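Residue numbers (my numbering), protein chains in the order written: chain A, 1 to 227; chain B, 1 to 497.
See below for the structure under consideration.
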């Protein structure tokens, strides 16, 4: 029974970390690009691990029924682990919104357009992400996933001697900005925050609600039909 | 002007029989479509993007328009996300979103094309065609461009750098209305002969023996996918660099040379922002106007760089300036005191387009060391020019925050180097991928844009350029397409019987 319980827990863990490792490998190999076929790899890993653990349990226990129970339940927990990690992976919109909120805090309490401007920024950013090629969107999702992870927050913050053991979205706004600045100052690794800043800054200033502050009128038609 | 014969929505599957099917309605496709329709051929143009009338565009701001009209909303990146590539995706293609700058091909670049792949244009043939296209699209030299552009002129003159006001396809009404192929070609074509299907993506090219026999396109609305089957005697692919190669690779055609998806160049560009102590307010000015060709191929006789003054909207300005959040916002506060110029490299054509497992195009391109050095020198040259014009501060397009307070700070640019990911770079001029040349041993199409492999297939867009031009490419795309259309008509009897 101990084998069964521990193997099932391992199954969940393998499922969860298979997703993480898959994307972390992509990052560490220096290729912020993926073909969008990760699920095939999960099926392959799941199949191999199920066979391996099933064989191990049968070898240790010689109990055919227990092995059958394991083979029936293990994949379910493995898939649960994958689903949970995928859910985390798909929280990039939450990370995006947290970034927008922390990069553009409300400075004037009388600014009644601020919330609308941030909502507009989020909408425009999401439209841009939604129209990207699938492979490039996945690259950005990887970036959001990694950016938000406890792993990245911990090690990036540690560079400046700060101990943070939390996901980005759970940090205070001040810590979020500080974390972003620390990362952006690391030469060679700063492309990530620069890409996120470019996306969000571009969207913020695409919204006409941001223009009054900088005296931009957004008039196009004197130059006409796009310039 | 005639009424545009255009359809943007579709209710049911249909089959069309035409003489010519053209995929893409940009600089290349529109010119070919116009000439063939005027000659009496039945032409159907398939466009993946939507159609936006003049009134549609007038009713919204520049930002809202650009957000809609750019391919992938401007978020088209290379495999390593170091280069943002801007292309239009709408009826009219990139000619709708570009700044309308027109240059003829430099003689030196044409010589490179001739020696590398055996391109067979004569100067006379090209010159005559350029003149016709320039007349049709109303090319004139820019005047009264505005203060932000004059800064580049002042600096160049102070340093003795050669430069001049550029040529643009625009009319001077209402302060300068830029033309595009929608206005100059498509709306002037005979509507009974030229039909446009917008929001239709060509997905499948059907080959029968050594000829193309049909094209399948899909229109996707909220509820269903509608299929358009096109039977045509000739197929012209003008989907633009990257997409044209992608289509050929997806359909595994016209690639006996193995060159489809190779030799891409991008004219990678980076910008320099200069802050002045007085208001410039570039939003009142033309979008692009003065150029310094002191370091260009026509002066140095080898691929070099071009410096051009440019107005950029706050969205792009934010992405082009350093800092995050508040720090970045401080640069935006000086928006109306800023002038901008970009340096564009005539780069080595070593980029590739390939397909990933999802059959999507992946563009692989990074700056070579040689091109990185040129870009670095270009940023230095612009900094010098702006300081000579009286700038108080110069911000370069490095990823790492780089702000120069005076000419004495130029060494900082050298210290930044030109390694991978050193600069913010963008490309508005993707070229190559289906290079033109004398034989199938070195190219995909011949000098008439006709496939070496498939006799009724033509490729007419910037993807046929063997190497990057070194100057803004739209006029040359139109001119080569115009020549190709005339060759098709010369061979009309052979092709159509």
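Just so it is clear, CB atoms sit at the ideal spot from N, CA and C, and this is done for glycine as well.
Predicted, not measured: the structure shown is a model, and the values here were computed from it.
Span of the alpha helix (DSSP H) around residue 98 of chain A: 92–103
Supposed close pair residue 120 of chain B, residue 388 of chain B - CB separation, criterion 8 Å: The pair is not a contact, with the Cβ atoms about 44 Å apart (cut-off 8 Å).
Start and end residues, alpha helix (DSSP H) containing residue 130 of chain B: 123–137
Residue 228 of chain B vs residue 200 of chain B beta-carbon contact at 7 Å: yes
Inter-stretch contact at 8 Å, needing at least 3 Cβ pairs: the stretch 274–282 of chain B / the stretch 439–448 of chain B: no
Minimum Cβ-Cβ distance from residue 375 of chain B to chain A less than 7 Å: no
Alpha carbon of residue 297 of chain B to alpha carbon of residue 375 of chain B, nearest angstrom: 15 Å
Chain B contact for residue 134 of chain A (CB, 7 Å cutoff): yes
Sufficient close CB pairs (3 or more, under 8 Å) joining the stretch 178–197 of chain B to the stretch 302–322 of chain B: no
Beta carbon of residue 237 of chain B nearer than 7 Å to that of residue 382 of chain B: no
Where residue 30 of chain A sits in the DSSP three-state scheme: For residue 30 of chain A, the predicted model reports a pLDDT of 41, less than 50, meaning its position is unreliable and no value from the coordinates is stated.
Where residue 393 of chain B sits in the DSSP three-state scheme: strand
Strand pairing of residue 219 of chain B, partner residues [DSSP]: B:226
Cβ neighbour criterion (16 or more within 10 Å) applied to residue 330 of chain B: exposed
Where residue 128 of chain A meets chain B, residues with beta-carbon distance less than 9 Å: 67, 72, 73, 74 and 75
Sheet register partners of residue 262 of chain B (DSSP bridge): B:433
Beta-carbon neighbours of residue 44 of chain B, restricted to chain A and to distances below 8 Å: Going along chain A, no residue has its Cβ under 8 Å from residue 44 of chain B, so there is no contact; the nearest lies around 25 Å.
Where residue 466 of chain B meets chain A, residues with beta-carbon distance less than 8 Å: Within 8 Å Cβ-Cβ: nothing; residue 466 of chain B doesn't reach chain A, min ~27 Å.
Residue 55 of chain B in three-state terms, based on DSSP: helix
Of the listed residues B:68, B:109, B:398 and B:11, nearest to residue 342 of chain B (C-alpha basis): B:398
Whether residue 426 of chain B touches residue 289 of chain B by CB criterion (7 Å): no
Cβ neighbours of residue 141 of chain A in the same chain (closer than 6 Å, five flanking residues each side left out): 92
DSSP state of residue 294 of chain B mapped onto helix, strand, coil: coil
Proximity test, residue 220 of chain B beta-carbon vs the ligand COA heavy atom, cut-off 6 Å: Summarising the ligand content, the structure contains no ligands, and the ligand COA is consequently not present.
Cβ of residue 259 of chain A within 7 Å of any chain B Cβ: This structure cannot settle anything about residue 259 of chain A, because the visible part of chain A is limited to 1 through 227.
Cβ neighbour criterion (16 or more within 10 Å) applied to residue 124 of chain B: exposed
Buried or exposed by the 16-neighbour rule on C-beta atoms within 10 Å, applied to residue 136 of chain A: buried
Simplified DSSP assignment, three categories, for residue 352 of chain B: strand
Nearest residue (CA-CA) to residue 186 of chain A, options B:422, B:139 and B:140: B:422
Identified DSSP bridge partners for residue 195 of chain B: B:44
C-alpha gap between residue 483 of chain B and residue 37 of chain B, whole angstroms: 15 Å
Among B:232, B:149, B:496 and B:379, the one whose alpha carbon lies nearest that of residue 208 of chain B: B:232
Inter-residue Cα distance where the pair is residue 9 of chain A and residue 171 of chain A: 29 Å
Contact set for residue 292 of chain B: own chain, Cβ-Cβ below 6 Å, skip 5 residues either direction: 156, 161, 163 and 307
Simplified DSSP assignment, three categories, for residue 204 of chain A: helix
Check whether residue 410 of chain B and residue 394 of chain B have beta carbons under 7 Å apart: no
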